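If you're matching them up, the sequences are chains A and B in order. Going by this note's numbering, the first sequence opens with residue 1, and the numbers climb by one from there. Going by this note's numbering, the second sequence opens with residue 1001, and the numbers climb by one from there. For every residue, glycine included, the Cβ atom is placed at its ideal position computed from N, Cα and C. Since the model is a prediction, treat every value here as computed from it, not as a measurement.
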Amino acid sequence: MKRNKERLDELESRLFSAYRSGEYGAANPDRRESVMREIRRMGAVEAPNGAQLRIERFAWRFSAAACLVALLLLAYVFSNGFVDYQELAMRFLENPIEFMI
Amino acid sequence: MPRAVIIREMRGNASNESDGEVVDRILGGEVDAFEYLMDRYGEHVARIAGRRVPWGDAEEVAQDIFVRAYMSLSGYAGKGDFKWWLSKIAERACHDYWRERYKRREQPVSALSEDQAKRLARAASEQAAGAHADGTAGREARELLAWALGKLSSEDRAVLELVSIEERPVAEVAELLGWSVVNVKVRAYRSRKKLRAILERLIAKEGEIHEAK
């Protein structure tokens, strides 16, 4: 008698290949008419807003440049460190009045 | 001029047009131009629906796919391959079909009983290795697989069909279903394991019955 695992592997591969070799559905012309009736009843679909599309396209045009600037800023911050800002904040907290003057 | 003639003329014009151009016409108010897209992709959608859902419901799901596509046309806006865009809508519609059906649980997902499934499992596993899965044997194997898939959740079912059975790339499946690649990988692994556990139980039970006889 075959071991269960081998039987299982065979059964699984047989089921999968049966699934792949099956013939599935054909378009039904009656259904097409039904879809057309439904979408005619729904009316014309709203076209995307032209101004919004233009703004989106315009913004996307600069996306690469924006990413590059963000990376450069990140590199600048990492190379110079956060220390200056941290010290600035500490001085301010220690003596706000003197700091403001 | 009769509407049929107008549609025929329109189809004639559309045969030279790209999908994007036809979509633009529909968005411009020519609703009937959608029929051309249905002509072009009707078979493709019918095949997806036929594979994913029981044949009795496949036509209705295919119809739903086209209605969904029509309602989402403004989202297409000429971006990329229309067939691929439509496939995504189709896969998600089939997934929604199963989700709804599991939620309702009014009717059994498969017409097969447990005993019939055992019998089919025995028949399928006893076929000569390398035998072609066509004719009655193929149909029975598909019935058995549908029965086993019916025991899985709609998500597991969707990912198993696409990744393990149809052997599509994970990245493609992730895009089709709108999931992350990691999610698809994890689910594909788990769902396959679950399917094997279901089949294993079936074989074990069937073996016990056979030995008792």
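Extent of the continuous alpha helix (DSSP H) run through B/VAL1053: No alpha helix (DSSP H) holds B/VAL1053; DSSP gives it neither H nor E.
Between which two residues does the alpha helix (DSSP H) carrying A/ASP30 extend? 29-42
Under the rule that 16 or more other beta-carbon atoms within 10 Å means buried, what is A/MET42, buried or exposed? exposed
Span of the alpha helix (DSSP H) around B/GLY1020: 1019-1027
Taking only the alpha-carbon atoms, compute the straight-line gap between B/GLY1080 and B/VAL1022 and give it to the nearest angstrom. 14 Å
B/PHE1066: which of A/SER34, A/SER21 and A/GLU6 sits nearest, CA to CA? A/SER34
Please name the residue, chosen from B/GLU1155, B/SER1164 and B/ALA1197, that lies closest to B/TRP1179 on a Cα-to-Cα basis. B/GLU1155
Neighbourhood of B/SER1164 by C-beta, 7 Å cutoff - its chain only, sequence neighbours within 5 removed: ALA1188 and ARG1192
Would you kindly work out how many angstroms separate the C-alpha atoms of B/GLY1028 and A/ARG31, rounded to a whole number? 24 Å
Looking at chain A, is there any beta carbon in it that lies within less than 8 Å of the beta carbon of B/ILE1026? yes
Should B/GLN1063 be labelled buried (16 or more other beta-carbon atoms within 10 Å of its own) or exposed? buried
In angstroms, rounded to a whole number, what distance separates the CA positions of A/TYR76 and A/SER13? 57 Å
Would the segment 22-29 of chain A and the segment 1048-1063 of chain B be scored as touching if the rule is three or more Cβ pairs under 8 Å? yes
What are the boundary residues of the alpha helix (DSSP H) that includes A/ALA26? A/ALA26 -> no alpha helix (DSSP H), and no H or E assigned at all.
According to the neighbour-count rule (16 or more other Cβ atoms, all chains shown, within 10 Å of its Cβ), is A/LYS63 buried or exposed? For clarity, residue 63 of chain A is Ser in the given sequence; the question names Lys instead. Its Cβ having fewer than 16 others within 10 Å, A/SER63 is exposed.
Local conformation of B/GLU1166 per DSSP, three classes: coil
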